[in-house]
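Written out below as structure tokens is the structure these notes cover.
Protein chains: 2
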Amino acid sequence: MSPAQDTRERIVDAAMELFTLQGYAATGLAQIAKKAECNAGSVYYFFPTKEAILAATLEKRKELLHPEVLDPIWTGVDDPIERVFALLAGYRQMLAMTEFAHGCPIGNLVIEVAETNKHARKLLCENFDGWLRAVELCVSAAIESGRLPESVDAHQLAIFVLTTMEGAVMLARSYRDFRAYDAAVTMLRDYFDRLVDSATGWSKPAGATAAAPVRSAPRSPPRRRRKR
Amino acid sequence: MSPAQDTRERIVDAAMELFTLQGYAATGLAQIAKKAECNAGSVYYFFPTKEAILAATLEKRKELLHPEVLDPIWTGVDDPIERVFALLAGYRQMLAMTEFAHGCPIGNLVIEVAETNKHARKLLCENFDGWLRAVELCVSAAIESGRLPESVDAHQLAIFVLTTMEGAVMLARSYRDFRAYDAAVTMLRDYFDRLVDSATGWSKPAGATAAAPVRSAPRSPPRRRRKR
DNA sequence: GTCTATACAACGATAGAC
DNA sequence: GTCTATCGTTGTATAGAC
């Protein structure tokens with residue numbers, strides 16, 4: 063790795079973290095340079111504008127999605143449905159480790175720059191697309207194995223997982239606790255359970271008193287309600 | 063209304079809109095003053111700091127939740143479950159009218175200032191609390207009338223509705239279309255339908271081929287799958 | 001490639017006339 | 001209460017020595 067790439071990468075890494083922590087508008091170039099351990103003026107050797115730095119961070123996030131986000135979270139998790147909830151558990155852990163300082167880097171920037179920066183918006187969509195593809199593959203696998211009914215639209219359900227994640231992260235950061243986050247995950251889990259139940263086939267006598275109870279334990283260790 | 067209050071209110075209104083459109087950090091005091099049709103220096107007669115303006119906008123949002131958001135959306139919608147989805151339809155309409163320029167004003171600010179501004183974060187939580195209470199009342203009413211099973215946790219389900227809404231708005235603004243938004247709402251509707259089915263009691267012979275199909279039409283007019 | 005120095009605009013905030 | 005003028009700082013971006 064040449065020294066030039068090294069400095070460029072330090073700048074991108076610094077910007078990535080600062081944008082996530084403080085947002086795009088609130089982060090100055092001087093601050094980026096300081097964190098990257100180079101001079102403010104030097105940043106412009108690599109990037110013509112601040113927006114170009116933003117674009118570079120989003121390109122890097124796309125590249126890092128699998129090796130640094132999904133792969134670590136999915137190591138040792140083979141069941142496709144549990145992989146979906148492993149993602150939610152992973153984001154929960156990230157929130158806990160940073161004491162709610164980090165939200166979703168993509169979601170944060172959508173809100174801040176999607177309206178004003180067309181190129182950034184495209185890159186943000188591509189990042190979401192990567193997430194959606196990954197979740198959709200899990201859902202599709204669960205459908206193919208018969209765990210989820212064939213009537214499920216894998217793409218729509220993947221979107222639902224992502225919106226739940228983004229919304230849950232937002233509420234967690236607002237309240238600075240996990241009650242809302244865990245509640246959302248519990249509800250999503252209940253939905254998945256009901257989909258699984260409808261795939262395996264079950265009957266309930268009309269007039270029976272109670273439906274399957276909604277779980278209250280937010281993060282029970284991965285378990286399958288019904289083996290297949 | 064005294065002229066002083068009038069100017070103060072114009073400032074708050076201007077700030078409210080600009081913060082929603084551009085974010086807090088990206089909005090300058092000069093811009094607020096211009097939109098409020100007063101001079102930049104005059105703003106400081108009413109507000110000691112920019113943060114105080116932010117606080118005032120969040121106080122006003124709390125006050126306006128019922129008269130200007132919920133009441134108009136819920137006019138003519140009596141069914142508690144349909145009220146939940148009327149909220150989602152209302153936000154969809156807002157996105158359409160502003161061509162995705164407005165997101166959720168609360169969610170936007172959570173991401174931008176929750177970490178750095180303690181007082182603002184408290185006010186943002188109070189805004190979310192107002193939304194959650196309103197949705198929870200709908201869910202509770204649906205439980206009491208027997209539409210939803212008693213096993214449902216009204217507060218958790220209300221949170222799930224809110225996270226879906228926030229996540230769906232975020233994805234809609236990123237993609238600048240309603241595909242993801244409609245998909246998330248369709249999934250949430252399917253979940254509600256399944257909850258309703260489990261409350262009214264239904265049986266499905268083991269080994270039957272297909273579960274209840276997931277709806278693909280994103281915004282069908284309000285309908286109940288089963289009357290009670 | 002990296003540095004110092006700096007241009008120029010916009011920022012939040014203040015002072016004081018009216 | 002509202003105005004003009006301005007303070008000091010910080011913002012992005014540039015120029016040019018090394």
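If you're matching them up, the sequences are chains E and X in order.
Sequential numbering of the first sequence, starting at 63, is according to the working numbering.
Sequential numbering of the second sequence, starting at 63, is according to the working numbering.
Glycine included, C-beta positions come from ideal geometry on N, C-alpha and C.
Please read these numbers as outputs of a predicted model, since none were measured by experiment.
For residue i, which residues of its own chain have a beta-carbon under 8 Å away from its beta-carbon, when the five flanking residues on both sides are left out?
i         : result
Ala148(X) : Ile135, Trp136, Val139, Pro284
Cys100(X) : Thr69, Arg72, Ile73
Ala117(X) : His181, Ala182, Leu185
Met227(E) : Leu149, Leu150, Tyr153, Cys166
Between the Cα of residue i and the Cα atoms of the options, which residue gives the shortest distance?
i         : options                                    : result
Thr89(E)  : Ile143(E), Thr69(E), Lys112(E), Gly229(E)  : Lys112(E)
Phe108(X) : Leu80(X), Val74(X), Gln93(X), Arg123(X)    : Val74(X)
Asp215(X) : Cys200(X), Ser236(X), Pro167(X)            : Cys200(X)
Phe244(X) : Gly192(X), Leu80(X), Glu174(X), Leu150(X)  : Residue 244(X) is actually Asp in this sequence, not Phe. Asp244(X) has its Cα closest to that of Leu150(X), out of Gly192(X), Leu80(X), Glu174(X), Leu150(X).
Met156(E) : Glu177(E), Val131(E), Asn179(E), Ile173(E) : Val131(E)
Leu120(E) : Thr82(E), Val223(E), Glu144(E)             : Thr82(E)
What does the Cβ neighbour count give for residue i, buried or exposed, with the cut at 16 atoms within 10 Å?
i         : result
Gln67(E)  : exposed
Glu212(X) : exposed
Gln218(E) : buried
Ser260(X) : buried
Gly208(X) : exposed
Met159(X) : exposed
Glu161(E) : exposed
Glu206(E) : exposed
Arg256(X) : buried
Where residue i and residue j are concerned, what is the direct C-alpha to C-alpha distance, given to the nearest angstrom?
i         : j         : result
Val247(E) : Arg70(E)  : 39 Å
Tyr237(E) : Pro142(E) : 31 Å
Ile94(E)  : Leu127(X) : 39 Å
Ala196(X) : Val146(X) : 9 Å
Tyr253(E) : Ala203(E) : 17 Å
Lys97(E)  : Lys122(E) : 18 Å
Met232(E) : Leu194(X) : 14 Å
Leu250(E) : Leu210(E) : 14 Å
Gly294(X) : Ser104(X) : This structure cannot speak to residue 294(X), because chain X is shown only from 63 to 290.
Arg241(E) : Phe190(X) : 13 Å
Ala234(X) : Asn170(X) : 14 Å
Thr178(X) : Ala76(X)  : 23 Å
Pro280(E) : Ile173(X) : Any reading at Pro280(E) must be qualified, since the residue scores a pLDDT of 47, below 50, and its modelled position is unreliable; the value itself is stated next. Approximately 24 Å between the Cα atoms of the pair.
Tyr106(X) : Asp239(X) : 40 Å
Met78(X)  : Val223(E) : 31 Å
Pro110(X) : Pro129(X) : 29 Å
Asp133(E) : Asp133(X) : 47 Å
For the ligand ADP, I want to know if residue i counts as a neighbour, meaning its beta carbon is within less than 8 Å of at least one of the ligand's heavy atoms.
i         : result
Ala163(X) : Judged by which ligands are present, the structure shown has none, so any question about the ligand ADP falls away.
If residue i sits next to residue j, beta carbons under 8 Å apart, how far is it from one beta carbon to the other, in whole angstroms?
i         : j         : result
Ala92(X)  : Ala102(X) : 5 Å
Ala230(X) : Thr225(E) : 5 Å
Gly165(E) : Ala87(X)  : So it is not a contact: roughly 15 Å between Cβ atoms.
Given residue i, which residues of its chain have a CB within under 7 Å of its CB, disregarding the five upstream and five downstream residues?
i         : result
Arg288(E) : Confidence in Arg288(E) is poor, its pLDDT being 47 and thus under 50, which makes the residue's placement unreliable; the coordinate value appears in the next sentence. Only Val258, Thr262 meet the Cβ criterion.
Glu188(E) : Lys124
Leu80(X)  : Thr89, Gln93, Ile94, Lys97
Ser282(X) : Low per-residue confidence applies at Ser282(X): pLDDT is 47, beneath 50, and the placement is therefore not dependable enough to give any value.
With a CB to CB cut of under 6 Å and the five nearest residues on each side skipped, what residues in its chain are close to residue i?
i         : result
Glu198(X) : Ala216, His217, Ala220
Val175(X) : Tyr86, Ala182
Ile168(X) : Leu186, Asn189
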